[in-house]
Amino acid sequence: MKKKLSLALAAFALVGTSCVGVRSDGNRHSVHAEAFNIFGFTVPADDQATAWAKVPAGATIHTAYSSPADWTSVVGAL
């Protein structure tokens, strides 16, 4: 029972760490998406692709920013 509960909590922690949102103010839109990076792997998905999917149709993109892959967790684990 404890093992199943621990696995369920671990799965929720990995999946529940992402966030996607859109802010609209007239003609201005701000889109963001974050994901959990561990050992260079993005969980649950590619945050940049998720953000691009949320951009309103016909919008003009002025700035796009993406965080680099995070490999610092590998050094910390070693």
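All residue numbers for the sequence shown refer to this note's numbering, where the first residue is 3 and numbers rise by one. Note that the Cβ used here is the ideal one computed from N, Cα and C, for glycine as well.
Span of the alpha helix (DSSP H) around Asp49: For Asp49, the enclosing alpha helix (DSSP H) covers residues Asp49 to Lys56.
message: On the DSSP letters alone, give me the boundaries of the beta strand (DSSP E) that Gly28 sits inside.
response: Note, Gly28: premise wrong, no beta strand (DSSP E); not H, not E.
- prompt: So, are the CB atoms of Val22 and Val57 less than 8 Å apart?
  reply: Going by C-beta atoms, Val22 is not nearer than 8 Å to Val57.
message: Looking at chain B, is there any beta carbon in it that lies within less than 8 Å of the beta carbon of Ala51?
response: Protein chains in the displayed structure number just one, and chain B is not present.
field: Anticipated Cβ contact below 8 Å, Thr52 with Ala35, distance rounded
entry: Taking 8 Å as the upper bound for CB-CB distance, Thr52 and Ala35 are in contact here, some 4 Å apart.
Beta-carbon proximity of Ala37 to Asp49, cut-off 8 Å: The criterion of a C-beta distance shorter than 8 Å is satisfied by Ala37 and Asp49.
field: Residues sharing a beta bridge with Ala35, DSSP
entry: Bridge partners of Ala35: Val22.
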